[in-house]
Ligand code: FRU
């Protein structure tokens with residue numbers, strides 16, 4: 074079948090542009106996924122708003138349209154990224170009100186405001202009046218105008234906020250604030266690393282089995298053969314190590330939240346700003362999607378493993394067994410899941426996956442299909458298993474139970490793909506899509 078590139082497993086807008094996930098939460102019996110949304114432009118131009126999806130089960134979603142727009146002086150150039158916190162039967166949404174002044178400014182040390190703004194909602198869609206909590210004058214003196222993306226959490230009856238920032242000497246850092254009432258915030262401390270980029274975006278503090286991890290999306294990292302291969306990076310600190318969340322072409326600005334059963338779930342933007350490759354859906358009116366929600370688990374070695382939420386198992390349909398070697402034709406979307414042996418490889422007309430000398434490689438040979446994406450490599454010792462979610466225009470590849478992940482967009486002309494599989498034993502499932510309906514039509 075001819076591929077229209079409409080994703081079946083991933084949340085994406087009907088039209089316009091999507092970037093970071095925002096306000097992730099479980100509130101009033103529903104999962105809430107907000108996102109950076111430019112409803113008027115598939116290239117991210119025009120008003121930057123918050124769009125909204127909600128779901129009782131992470132399978133059946135409603136697209137609720139735009140719920141926060143730039144309509145006050147403090148957010149007039151964009152309702153930028155932020156988070157959600159459930160407290161006292163209300164959903165508190167904190168975000169950055171972006172202001173770009175008219176004039177001859179560098180927009181780094183002058184000409185820009187970044188305000189932390191709070192709204193609350195009883196239903197996820199109708200928002201209270203906007204309250205300005207922090208302005209540039211509230212940030213430390215060594216900060217440039219780039220301070221944004223509040224993430225708030227509760228700990229021992231007190232609230233904490235982490236913000237991403239760029240110092241005046243171009244170092245990425247985070248700022249921590251605390252509050253007892255969610256309205257009045259005091260600066261606690263900042264945190265940075267040497268040689269770690271000029272700006273840290275979208276920070277998150279993730280607690281897993283009593284251990285805390287700082288996650289950031291740094292801009293300006295030096296590119297390596299196996300690390301920081303993309304224009305901007307994203308990962309978390311484990312002691313002095315920085316472990317990237319994803320080694321594919323398309324991943325940035327993830328955020329986590331806690332499900333009612335205690336699972337820590339991460340959703341990322343399956344895209345990055347300022348990329349040198351292209352996404353042909355833009356010509357049809359929309360661009361970008363979110364990743365599959367991923368449950369975070371602490372491994373024996375103290376690293377964070379990511380695995381697609383178990384709800385994804387409900388989408389499995391016909392199963393085909395694969396034993397070591399096979400040539401199969403698979404209709405998108407599909408899941409391939411199993412154990413890897415010697416000489417593992419999966420090749421197709423559009424992509425190839427290989428493993429050797431402790432390096433896993435994802436490679437595209439047809440630049441029309443890949444939109445200019447070439448190869449991504451990740452070091453991983455002893456590759457034991459692999460799980461691939463292939464959607465109509467993306468691959469999410471989980472290695473060793475989520476020890477390493479690679480996410481990429483790709484645009485095969487046909488929804489049927491022939492796979493040449495070697496050194497792999499497992500199952501190939503045809504998948505049903507998630508169900509997304511349009512709710513309140515306000516676009
Ligand atoms: C990350 C980011 C955030 C900002 C938002 C604006 O992709 O640049 O730092 O809040 O996007 O859309």
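Numbering (the working numbering), first residue to last: 74 to 516.
By construction, the Cβ of each residue, glycine as well, lies at the ideal position given by its N, Cα and C atoms.
Remember, it's a predicted structure, so these values are computed and weren't measured experimentally.
- A contact between stretches requires three or more CB pairs, one per stretch, nearer than 8 Å, and the segment 442-450 fails this requirement with the segment 285-294.
- When rounded, the separation of the alpha-carbon atoms in residue 310 and residue 83 is 27 Å.
- For the set 393, 158, 266, 280, the Cα lying nearest the Cα of residue 255 is the one of 158.
- Distances from the CB of residue 93 to the heavy atoms of the ligand FRU include at least one below 8 Å.
- By the CB criterion at 9 Å, residue 451 and residue 320 fall inside the cutoff.
- Per the C-alpha coordinates, the member of 380, 386, 384, 410 positioned closest to residue 393 is 410.
- Contiguous alpha helix (DSSP H) elements confined to the segment 134-190 do not occur, taking only those with 4 or more residues.
- Residue environment: residue 277 is assigned as buried (16 or more neighbouring CB atoms within 10 Å of its CB, all protein chains considered).
- Of all alpha-carbon atoms in 154, 110, 150, 463, the one lying nearest the alpha-carbon of residue 381 is that of 463.
- Taking the CA atoms as reference points, residue 241 sits about 8 Å from residue 181.
- Rounded to whole angstroms, residue 145 and residue 205 show a C-alpha spacing of 10 Å.
- Going by DSSP, residue 510 is part of the beta strand (DSSP E) stretching over 508-511.
- The alpha-carbon of residue 101 is positioned some 36 Å away from that of residue 245.
- Not one heavy atom of the ligand FRU is found less than 8 Å from the C-beta of residue 463.
- Between the C-alpha atoms of residue 191 and residue 99 there is a straight-line separation of about 18 Å.
- For the set 201, 178, 405, 129, the Cα lying nearest the Cα of residue 142 is the one of 201.
- In the DSSP assignment, residue 443 falls within the unbroken alpha helix (DSSP H) covering 440-443.
- By the neighbour-count criterion, in which a residue is buried when 16 or more other Cβ atoms sit within 10 angstroms of its Cβ, residue 486 is exposed.
- Taking 9 Å as the cut-off, the Cβ atoms of residue 374 and residue 339 do not count as close.
- In the DSSP assignment, the residues bridged to residue 460 are 410, 471.
- Using a cutoff of 8 Å, the CB of residue 326 counts as near the ligand FRU, since one of the ligand's heavy atoms is closer than that.
- Residue 268 and residue 294 have their C-alpha atoms some 8 Å from each other.
- Among the bridge pairs identified by DSSP, residue 125 is matched with 107, 138.
- Taking the Cβ of residue 180 as the reference point, every heavy atom of the ligand FRU lies at 8 Å or farther away.
- Close CB contacts of residue 384 within its chain, under the 7 Å cut and outside five residues either way in sequence, are with 130, 131, 132 (chain order).
- By the Cβ criterion, the segment 258-275 is in contact with the segment 204-221, since at least three pairs of Cβ atoms, one from each stretch, lie closer than 8 Å.
- In the structure shown, residue 388 adopts helical secondary structure according to DSSP, grouped into three states.
- Taking every protein chain shown into account, the CB of residue 92 has 16 or more other CB atoms within 10 angstroms, so this residue is buried.
- Distance from the CA of residue 480 to the CA of residue 270, rounded to the nearest whole angstrom, comes to 22 Å.
- Residue 498 sits in a strand when the DSSP states are folded into three classes.
- Not one heavy atom of the ligand FRU lies closer than 8 Å to the C-beta of residue 185.
- The DSSP-derived three-state label of residue 353 is helix.
- For the set 272, 492, 112, the Cα lying nearest the Cα of residue 461 is the one of 492.
- The residue from 348, 234, 454 with its alpha-carbon nearest to that of residue 222 is 234.
- Here DSSP, grouped into helix, strand and coil, assigns residue 95 to strand.
- Going by DSSP, residue 79 is part of no beta strand (DSSP E) at all; its letter is neither H nor E.
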